[in-house]
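Colleague: Just dropping this structure here.
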């Protein structure tokens with residue numbers, strides 16, 4: 026199986042602080058990978074390098090047929106090639122980042138209209154179908170300010186899906202939600218995974234990662250410490266750092 | 063006790079009407095040009111290229127940190143000597159006041175754009191928009207709403223600043239008032255009327271700005 030996402034020798038520093046140290050990772054087509062690790066471990070930066078919201082200092086990022094190289098020898102890709110690259114990757118943010126001046130329907134149509142130049146009628150049909158999929162068809166004409174956090178995040182997922190991306194990236198998609206609203210968002214993500222979407226998920230929901238992810242990747246200090254089948258990494262971590270990180274989760278579960 | 067007498071003013075009515083029209087046209091011109099300059103300069107200030115940011119900042123500081131009356135006089139008397147291009151008092155006035163206003167508009171526009179959360183741009187870029195699409199479709203529409211009250215405030219100040227062009231003999235409201243005062247020997251009535259006309263134009267506008275600000279505060 027050829028990998029859908031391939032990251033090679035990826036490095037990134039913010040000032041003196043090296044956030045990613047030559048990270049190698051690949052994600053197969055239809056695979057769901059959860060990135061876990063303590064805060065500051067580089068997991069969000071790694072995720073943001075996959076759609077180049079963070080520009081790597083060095084290494085290579087490939088998603089599907091599109092590949093970009095970063096480093097001293099090659100020039101930085103221009104804004105047009107960055108935009109083209111990102112159009113094939115969907116991203117969901119911790120803070121939703123819905124467009125407050127557009128309706129729910131307008132939010133979901135925005136990508137197809139502006140980026141894909143899709144005719145309005147076609148974009149609306151697509152957007153309404155996706156809103157139905159995330160269970161929010163009846164909210165199409167509302168503004169985001171009127172929605173709950175869980176509803177906002179489901180709209181954000183529909184907005185990303187409207188670009189018909191090859192992969193979906195989730196950056197702590199449930200961390201800003203009230204506990205009782207987490208479930209509805211996780212359900213949508215679970216369905217996507219079951220449909221065979223290639224997904225990379227940065228999450229603190231260890232139980233969800235264990236259940237939905239095929240693989241779990243544990244990062245610390247910008248290095249992949251452990252990478253393996255989800256149940257194996259979470260239930261029987263091999264590395265001391267992984268064991269220490271997961272001990273809190275295991276204590277909670279055993280009680 | 064001074065005996066007020068406004069009865070003679072009727073015979074000068076067309077001078078006041080003409081002066082008011084000139085003032086309003088002048089204001090319209092310098093607001094439109096100033097906004098264009100301000101938008102351009104404000105966007106330059108947010109450019110990825112440092113020299114463009116410096117250029118914009120230099121422009122803003124030069125026009126913010128010199129008195130507008132000095133700028134008017136400089137554009138009328140000094141610029142033609144330096145550039146060799148003769149210009150009318152009106153041209154010099156429009157140029158100086160547009161650039162002066164543009165410096166303030168530029169800061170308002172920059173501030174408005176900066177007030178939009180970075181997450182909005184990130185979400186737009188993540189969809190595959192180019193930075194300019196993200197600016198046009200996502201950031202500017204939200205920022206403009208926040209900018210409207212301060213931009214209107216600055217435009218009100220701009221209307222008042224047009225009274226300075228009377229020193230270059232542009233026949234605006236104040237200039238006509240001065241002419242009538244010299245002619246009638248009744249400066250008290252004349253300058254009071256001039257003040258009242260400015261107030262009658264501007265007071266409704268400030269009320270409108272206040273209403274917009276309150277509506278915006280509710281919407282947030």
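Protein chains in written order, with our numbering: chain W, 26 to 280; chain G, 63 to 282. Even glycine gets a Cβ: it sits at the ideal position worked out from N, Cα and C.
1) Can you tell me the Cβ-Cβ gap for residue 117/G and residue 131/G, rounded? I've got them flagged as a contact below 8 Å.
2) Cβ of residue 240/W within 8 Å of Cβ of residue 63/W?
3) What are the start and end residues of the alpha helix (DSSP H) that includes residue 176/G?
4) Quick check: what's the CA-CA separation for residue 40/W versus residue 111/G?
5) The beta strand (DSSP E) spanning residue 225/W covers which residue range?
6) If you scan the region 65-111 of chain G from start to end, which runs of the beta strand (DSSP E) of 3 or more residues do you find wholly inside it?
7) Taking the alpha-carbon positions, what's the residue 153/G to residue 74/G distance?
8) How about the region 194-201 of chain G and the region 252-261 of chain G: do they share at least three Cβ pairs that are nearer than 8 Å?
9) Just to check my reading of the structure: residue 193/W and residue 189/G have Cβ atoms closer than 8 Å, yes? What is that Cβ distance to the nearest angstrom?
10) Could you tell me the alpha carbon to alpha carbon distance between residue 233/G and residue 140/G, rounded to whole angstroms?
11) Interface residues of chain G around residue 188/W at Cβ under 7 Å?
12) Return the chain-ordered list of same chain residues with a C-beta closer than 7 Å to the C-beta of residue 255/W, the five sequence neighbours on each side being excluded.
13) Please decide whether residue 81/W counts as near chain G, where near means a Cβ-Cβ distance under 8 Å.
14) Keeping to the same chain, check which residues put their C-beta closer than 6 Å to that of residue 79/W; ignore five residues upstream and five downstream.
15) Do residue 169/W and residue 159/W have their C-beta atoms closer together than 8 Å?
16) Please report the Cβ distance between residue 156/G and residue 92/G, rounded to the nearest whole angstrom; I am assuming they are in contact, meaning their Cβ atoms lie under 8 Å.
17) What are the residues of the region 59-78 of chain W that lie near chain G, defined by any Cβ-Cβ distance shorter than 8 Å?
18) In chain order, what residues of the same chain have a beta carbon less than 6 Å from the beta carbon of residue 174/G, not counting five sequence neighbours either side?
19) Going by beta-carbon coordinates alone, are residue 114/W and residue 138/W separated by less than 8 Å?
20) Quick check: residue 181/G and residue 81/G, are their CB atoms within less than 8 Å of each other?
21) Using a C-beta to C-beta distance shorter than 7 Å, which residues of chain W count as neighbours of residue 181/G?
Modeller: Short version:
1) Residue numbering aside, residue 117/G sits at position 55 when the second chain is read from its first letter. Residue numbering aside, residue 131/G sits at position 69 when the second chain is read from its first letter. Their Cβ separation, rounded to whole angstroms, is 25 Å, which puts residue 117/G and residue 131/G out of contact at 8 Å.
2) Counting from one through the first chain, the residue named residue 240/W turns up at place 215. Counting from one through the first chain, the residue named residue 63/W turns up at place 38. Contact flag unset, no.
3) The residue given as residue 176/G occupies position 114 in the second chain. Following the DSSP letters along the chain, one finds residue 176/G inside the alpha helix (DSSP H) bounded by residues 151-176.
4) Taking the first residue of the first chain as position 1, residue 40/W is located at position 15. Taking the first residue of the second chain as position 1, residue 111/G is located at position 49. Within the model, the alpha-carbon separation for residue 40/W versus residue 111/G is close to 19 Å.
5) Locating residue 225/W in the first chain gives position 200, counting from the first residue. Where residue 225/W is concerned, the enclosing beta strand (DSSP E) stretches over 223-227.
6) The beta strand (DSSP E) runs lying completely inside the region 65-111 of chain G and spanning 3 residues or more number zero.
7) Position 91 of the second chain, counted from the start, is the residue given in the question as residue 153/G. Position 12 of the second chain, counted from the start, is the residue given in the question as residue 74/G. Distance between the alpha carbons of residue 153/G and residue 74/G is about 27 Å.
8) Note that the region 194-201 of chain G does not touch the region 252-261 of chain G; fewer than 3 beta-carbon pairs, one per stretch, sit closer than 8 Å.
9) Translated into positions along the first chain, residue 193/W becomes position 168. Translated into positions along the second chain, residue 189/G becomes position 127. At roughly 13 Å, the Cβ-Cβ gap does not stay under 8 Å, so residue 193/W and residue 189/G are not in contact.
10) Taking the first residue of the second chain as 1, we reach residue 233/G at position 171. Taking the first residue of the second chain as 1, we reach residue 140/G at position 78. If you take the alpha carbons of residue 233/G and residue 140/G, they lie about 21 Å apart.
11) Counted from its first residue, the first chain places residue 188/W at position 163. The contacting residues are 189, 190.
12) Residue numbering aside, residue 255/W sits at position 230 when the first chain is read from its first letter. Same-chain partners within the cutoff: 59, 234, 235, 238, 239, 240, 241.
13) Working through the first chain from its first residue, we reach residue 81/W at position 56. With 8 Å as the cut-off, residue 81/W does not count as an interface residue toward chain G.
14) Locating residue 79/W in the first chain gives position 54, where the first residue counts as 1. Around residue 79/W: 70, 73.
15) One-based indexing of the first chain puts residue 169/W at position 144. One-based indexing of the first chain puts residue 159/W at position 134. Cβ atoms of residue 169/W and residue 159/W: not closer than 8 Å.
16) Position 94 of the second chain, counting from 1, holds the residue named residue 156/G. Position 30 of the second chain, counting from 1, holds the residue named residue 92/G. Yes, residue 156/G and residue 92/G are in contact; Cβ-Cβ is about 6 Å, under 8 Å.
17) For the region 59-78 of chain W, which is checked against every Cβ of chain G, the residues closer than 8 Å are 76, 78.
18) As a working note, residue 174/G is residue 112 in the second chain. 205, 208, 209, listed in sequence order.
19) In the first chain, the residue the question calls residue 114/W occupies position 89. In the first chain, the residue the question calls residue 138/W occupies position 113. No, these two residues do not count as a Cβ contact at 8 Å.
20) What you label residue 181/G is simply residue 119 of the second chain in a count that begins at 1. What you label residue 81/G is simply residue 19 of the second chain in a count that begins at 1. With a cutoff of 8 Å on beta-carbon distance, residue 181/G and residue 81/G are scored as not near each other.
21) As a working mapping, residue 181/G is identified with position 119 in the second chain. Simply 118, 120, 122.
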